[in-house]
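Chains as they are written, first to last, in this note's numbering: chain L, -6 to 379; chain H, 317 to 650.
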């Protein structure tokens, strides 16, 4: 008997084994960068999900179900993310994904999940396209860039009285998208947009700064990530450009302060993930997080915790309805979409696209040259068109 | 009621006047960037002169100088008596480490190949490989050592102090330092190559290595020293780059390296004054274009398109003068 004839037999044997094993196992996956430059941010997603899963394990064990977290590393790369997604959809025990961290990874990976009805709840993807495709299995618990940009613009124009606004972006889908949204809203509110500039420069922002000396903006918005934003701000201040600086959640990192150093003082950023102290219910979460992992929860840990809990709540409901049976992936997607779950970050309900009905947007100022900054305003807003 | 005449500061300023007013600033920034390009370009040009090899690993030599300088600031800042001593130490250490790395690259990667093959393509591919290897090696070392990807040059108030120039321009002390150091280095190199025995040997090997060796010059030693000199200049350029732009990382060498290589070709590769002129011209085009293109086109052509301008100049120049600005038209090098 040759090997090729044996393969179907083997496969059948494995399937049979899976169905006959006594202890039923359900896995929730976390998908985020665990190596590379963004590993520190990705680890928070993993640990947040891990805490939620470990807290729920005993409740599931009472029904004879073993609940597990399987952490996956997407390396913040679209290619790796898709490969990880393909591996996960073929593991029948995985019924939900918490992730990805980067919109650029989540969008292609979710194309894979869609074909296998695997439910994804994202703690951190802000690109509008993630949910605009209206896939029934893709959801997010955080806000969107096309709301984040305008929220920042409204604060800049109405509260900070910005008159001459210079908008800069990093020419990525994320940075340009959020910068466009900012520009439109700011212009609509009556501010003069003195320039809309794209830059891929990583070190030398002198040309941009010399242009500022001509345009004399009183407000500079940078749509992009902290590595460019922090340096731009530092060089602006060295050349004594006094304009107020603001950026999106790409600036929401302790690295931003480390790079900009004392220039970070007074800068604003908007973010979709508020600091842990913004949530009254989060104190206990922070305590058990620190006790378990001996580090403080940062940025998206709380949102990953809520994302995992949304999946857990849906799974609980389904296993109670049909005890002893593994829920079908399609049913998990449906249950998540119509859930009404009181998370730590507020009530979590999804609209028909998978956007959260009401998401919070934070305007944060670095009142000292230290991370995280002080929340100066919280705006609760729904997705556009709702 | 009499109207008080407006003081100059209150008068609305037409755009044209503002354009003119930033011109001295633009020229200084162009000069700064040009100096950095010129110093890196020298490394490319000198190595090409003696070996006929485009040493693409040179951009990583520059990066290693920049990183070494950042480490000097990290460990030296608490101990140093004053900022200028620290600055001098960073420049010396950055240059020396980079110079030694350049010699090491030549010894370990290029020399064995030179013995085994006369194919020009093999060392070129090796150079690209060495470049990738060094990027990730430095990333690994910095990752294990400090768990950091971005390294900062810390703020030092004395060198960031603005100095008033005539015409109402301001420059920082560090800009003056960078230009002065770069000029000194380039003058020093010119003297070294023109006036010393070592310089004579380098010129001899560049002209004809075989005949030079018949005259008692050891080509291997001369090549080593060329790498040391080029690497030192590249490393110093790295530290100056870090001081100006305040942040470096293991991949920071790629773009300036490529620009400097372009500058070397623009000036005439193999020519030392050509590399300097090429660097200055390229830095100037980039800064002037990057600043004024968006202003004159009202934002339609953004700063990010400056490279088109820079490379258009390069292509046009090479059409007219294939040997570059200061290169000699050579028929003997096939």
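From the three backbone atoms N, C-alpha and C, an ideal C-beta is built for every residue, glycine too.
Closest residue to residue 135 (chain L) among L:365, L:161, L:340 and L:367 (Cα-Cα distance)
Start at 1 with the first residue of the first chain, and residue 135 (chain L) comes out as number 142. Here the closest residue by C-alpha is L:340.
Helix, strand or coil at residue 617 (chain H) according to DSSP, with G and I counted as helix:
Position 301 of the second chain holds residue 617 (chain H). Note: residue 617 (chain H) maps to coil in three-state DSSP.
Limits of the unbroken alpha helix (DSSP H) element including residue 428 (chain H)
The residue given as residue 428 (chain H) occupies position 112 in the second chain. 427 to 432 is the extent of the alpha helix (DSSP H) around residue 428 (chain H).
Residue 599 (chain H) and residue 346 (chain H) look like a contact to me (Cβ under 8 Å); what is the Cβ gap, rounded to whole Å?
Reading the second chain from its first residue, position 283 is the one you call residue 599 (chain H). Reading the second chain from its first residue, position 30 is the one you call residue 346 (chain H). 5 Å between Cβ atoms; contact.
Since residue 548 (chain H) and residue 414 (chain H) are thought to touch, with beta carbons under 8 Å apart, how far apart are those beta carbons, to the nearest angstrom?
As a position in the second chain, residue 548 (chain H) is number 232, starting the count at 1. As a position in the second chain, residue 414 (chain H) is number 98, starting the count at 1. Indeed they touch by this definition, with Cβ atoms about 6 Å apart.
For a test of the three-state rule: what should DSSP assign to residue 25 (chain L), helix, strand or coil?
As a first step, residue 25 (chain L) must be located in the first chain, where it is residue number 32. In the structure shown, residue 25 (chain L) falls within a strand segment according to DSSP collapsed to helix, strand and coil.
Secondary structure at residue 62 (chain L), three-state DSSP: helix, strand or coil?
Position 69 of the first chain, counted from the start, is the residue given in the question as residue 62 (chain L). The answer is strand: DSSP assigns residue 62 (chain L) an E or B state.
According to a CB-to-CB cut-off of less than 7 Å, which residues of the region 544 to 568 of chain H neighbour chain L?
561, 562, 563 and 568
Does any residue of chain H have a CB that is nearer than 7 Å to the CB of residue 193 (chain L)?
Here residue 193 (chain L) is taken as the residue at index 200 of the first chain, counted from 1. Contact of residue 193 (chain L) with chain H is assigned, a C-beta pair being separated by under 7 Å.
Please list the segments of the beta strand (DSSP E) lying wholly inside the region 240 to 307 of chain L, counting only runs of 3 or more residues, in order along the chain.
261 to 264
By Cβ distance below 8 Å, which residues in the same chain neighbour residue 405 (chain H) in space, the five residues on each side in sequence not counted?
Numbered from 1 along the second chain, position 89 holds the residue referred to as residue 405 (chain H). For residue 405 (chain H), where only same-chain residues beyond five positions count, the Cβ hits under 8 Å are 388, 392 and 396.
Does chain H have any CB closer than 7 Å to the CB of residue 252 (chain L)?
Taking the first chain and counting its residues from 1, one reaches residue 252 (chain L) at position 259. Yes, residue 252 (chain L) lies at the interface with chain H (some Cβ there is under 7 Å from its Cβ).
Hey, could you find the ends of the beta strand (DSSP E) residue 355 (chain L) is sitting in?
Within the first chain, residue 355 (chain L) is the residue found at index 362, counting from 1. From DSSP, the beta strand (DSSP E) with residue 355 (chain L) extends over 352 to 358.
Strictly below 9 Å CB to CB, what residues from chain L border residue 342 (chain H)?
Walking along the second chain from the start, residue 342 (chain H) turns up at place 26. The contacting residues are 199, 200 and 203.
Beta-ladder partner(s) of residue 115 (chain L), from DSSP
Along the first chain, read from residue 1 onward, the residue named residue 115 (chain L) stands at position 122. BP columns for residue 115 (chain L) point to L:133.
In or out: residue 457 (chain H) buried (at least 16 other Cβ within 10 Å) or exposed?
In the second chain, counting from the first residue as 1, residue 457 (chain H) sits at position 141. Under this definition residue 457 (chain H) is an exposed residue.
Classify residue 653 (chain H) as buried or exposed, calling it buried when 16 or more other Cβ atoms lie within 10 Å of its own Cβ.
Outside the shown range of chain H, which is 317 to 650, sits residue 653 (chain H), and nothing can be said about it.
C-beta contact flag for residue 365 (chain H) and residue 586 (chain H) at 7 Å
Position 49 of the second chain, counted from the start, is the residue given in the question as residue 365 (chain H). Position 270 of the second chain, counted from the start, is the residue given in the question as residue 586 (chain H). Result yes, Cβ atoms of residue 365 (chain H) and residue 586 (chain H) sit closer than 7 Å.
Which value, in whole angstroms, describes the spacing of the CA atoms of residue 144 (chain L) and residue 163 (chain L)?
The count along the first chain starts at 1 and reaches residue 144 (chain L) at position 151. The count along the first chain starts at 1 and reaches residue 163 (chain L) at position 170. Roughly 20 Å between the two C-alpha positions.
Span of the beta strand (DSSP E), counted from its first residue to its last, around residue 185 (chain L):
Residue 185 (chain L) sits at position 192 when you count from the first residue of the first chain. Residues 185 to 191.
When DSSP builds the beta bridges, which residues end up paired with residue 161 (chain L)?
Here residue 161 (chain L) refers to the residue found at position 168 when the first chain is read from its first residue. According to DSSP, which records beta bridges pairwise, residue 161 (chain L) is partnered with L:190 and L:215.
Residue 634 (chain H) to residue 354 (chain H) span [Cα, whole Å]
Working through the second chain from its first residue, we reach residue 634 (chain H) at position 318. Working through the second chain from its first residue, we reach residue 354 (chain H) at position 38. If you draw a straight line from the Cα of residue 634 (chain H) to the Cα of residue 354 (chain H), it comes to about 19 Å.
Cβ of residue 357 (chain H) within 7 Å of Cβ of residue 504 (chain H)?
Counting from 1 along the second chain, the entry for residue 357 (chain H) is found at position 41. Counting from 1 along the second chain, the entry for residue 504 (chain H) is found at position 188. In this structure, residue 504 (chain H) does not lie closer than 7 Å to residue 357 (chain H) by Cβ.
Give the interface partners of residue 618 (chain H) over in chain L, defined as CB-CB distance under 8 Å, in chain order.
Against the second chain, residue 618 (chain H) aligns to sequence position 302. Going along chain L in sequence order, the residues near residue 618 (chain H) (Cβ under 8 Å) are 190, 191 and 192.
Which of helix, strand or coil does DSSP assign to residue 369 (chain H)?
Mapped onto the second chain, residue 369 (chain H) falls at position 53. Of the three classes helix, strand and coil, the one that applies to residue 369 (chain H) here is coil, per DSSP.
Residues of chain H with CB under 7 Å from residue 255 (chain L), in chain order?
In the first chain, the residue the question calls residue 255 (chain L) occupies position 262. By Cβ distance, chain H contributes 471.
When you compare the CB of residue 445 (chain H) with every CB in chain L, is at least one pair closer than 7 Å?
Position 129 of the second chain, counting from 1, holds the residue named residue 445 (chain H). Not an interface residue.
Assuming residue 483 (chain H) is part of the beta strand (DSSP E), what are its boundary residues?
For the purposes of this step, residue 483 (chain H) is identified with residue 167 of the second chain, where counting begins at 1. That residue, residue 483 (chain H), is in no beta strand (DSSP E); it is neither H nor E in DSSP.
Does DSSP put residue 641 (chain H) in a helix, a strand or coil?
For the purposes of this step, residue 641 (chain H) is taken as residue 325 along the second chain, with counting starting at 1. Looking at residue 641 (chain H) - three-state DSSP - the assignment turns out to be coil, as it is neither helix nor strand.
Measuring CB to CB, does residue 576 (chain H) end up less than 7 Å from residue 583 (chain H)?
Taking the first residue of the second chain as position 1, residue 576 (chain H) is located at position 260. Taking the first residue of the second chain as position 1, residue 583 (chain H) is located at position 267. Result no, Cβ atoms of residue 576 (chain H) and residue 583 (chain H) do not sit closer than 7 Å.
Output the distance between the C-alpha atoms of residue 581 (chain H) and residue 515 (chain H), rounded to the nearest integer angstrom.
Along the second chain, one-based indexing puts residue 581 (chain H) at 265. Along the second chain, one-based indexing puts residue 515 (chain H) at 199. Each residue's CA atom was taken as its position, placing residue 581 (chain H) and residue 515 (chain H) some 22 Å apart.
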